[in-house]
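First residue of the sequence shown? That's 32 in our numbering, and the numbers climb one at a time after it. Working notes for the structure below.
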Amino acid sequence: MSYEPIFALFWERVKQSIQDKTFAKLTLAKTIGDTELKNIYVRPVLLENDVFSLSVIARYKTEEIESFHSLDEAYPILVSYMNKPFLTALLFTTENDVNFKLNKKRVGTITEQAPTFKSASDVILEMKEKGI
Numbered sequence: 032m033s034y035e036p037i038f039a040l041f042w043e044r045v046k047q048s049i050q051d052k053t054f055a056k057l058t059l060a061k062t063i064g065d066t067e068l069k070n071i072y073v074r075p076v077l078l079e080n081d082v083f084s085l086s087v088i089a090r091y092k093t094e095e096i097e098s099f100h101s102l103d104e105a106y107p108i109l110v111s112y113m114n115k116p117f118l119t120a121l122l123f124t125t126e127n128d129v130n131f132k133l134n135k136k137r138v139g140t141i142t143e144q145a146p147t148f149k150s151a152s153d154v155i156l157e158m159k160e161k162g163i
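Structural data, given as structure tokens:
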């Protein structure tokens with residue numbers, strides 16, 4: 032069974048946390064082997080004219096590359112990194128931490144834990160204030 036349907040459910044949780052204004056950050060981590068790409072960090076940003084976007088920062092051994100994407104554009108980018116090279120995606124919200132993990136057979140699971148962050152990201156709080 033492919034992990035992608037489970038990752039799609041995880042992505043729905045990401046979108047819901049942004050809509051509910053509880054999103055803190057999203058991280059792709061735990062690589063397979065020693066890879067050039069170490070982590071991917073996703074944070075919300077407000078561009079000119081208060082346009083919501085996601086900052087996707089790919090952290091390599093020697094550099095970081097930042098790109099900006101809409102919510103819909105970010106999904107295919109991030110899912111393409113699952114299983115090659117990342118095994119986990121961690122969504123941090125003010126309500127709970129949601130973990131997507133791939134096991135050795137590449138079956139995806141979603142688990143929840145108590146929240147790590149007590150407040151949403153600064154951009155999410157700003158959006159809440161502006162009613163975006």
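We put the CB at the ideal spot given by N, CA and C, even for glycine. Nothing here was measured: the structure is a model prediction, and the numbers come from that model.
Close Cβ partners of residue i (< 6 Å) along its chain, the five nearest in sequence each way excluded
i	result
asparagine 127	Glu143 and Pro146
glutamine 47	none
proline 107	none
tryptophan 42	Tyr106
Close-in-space but distant-in-sequence residues of the same chain around residue i (CB under 8 Å, 5 per side omitted)
i	result
glutamate 95	Ile88 and Ala89
lysine 136	none
Residue i: CB within 6 Å of a non-hydrogen atom of the ligand NAD
i	result
glutamate 43	Among the components modelled here there is no ligand, and therefore nothing to report on the ligand NAD.
Bridge partner(s) assigned by DSSP for residue i
i	result
asparagine 70	Arg90
glutamate 153	Here residue 153 is aspartate; the residue named in the question, glutamate, does not match the sequence. Paired residues: none, contrary to the question.
serine 98	Val87
leucine 40	Its beta-bridge partners do not exist; DSSP assigns none.
Beta-carbon gap between residue i and residue j smaller than 7 Å
i	j	result
isoleucine 155	lysine 56	no
phenylalanine 131	threonine 62	no
phenylalanine 54	valine 110	no
tyrosine 112	leucine 59	yes
Whole-Å CB distance - residue i paired with residue j, under 8 Å assumed
i	j	result
leucine 122	arginine 44	6 Å
leucine 78	histidine 100	Actually they are not in contact, since the Cβ atoms of leucine 78 and histidine 100 sit about 11 Å apart, beyond 8 Å.
threonine 119	phenylalanine 148	With a Cβ gap of about 17 Å, threonine 119 and phenylalanine 148 do not count as contacting.
leucine 68	tyrosine 91	6 Å
leucine 102	isoleucine 49	7 Å
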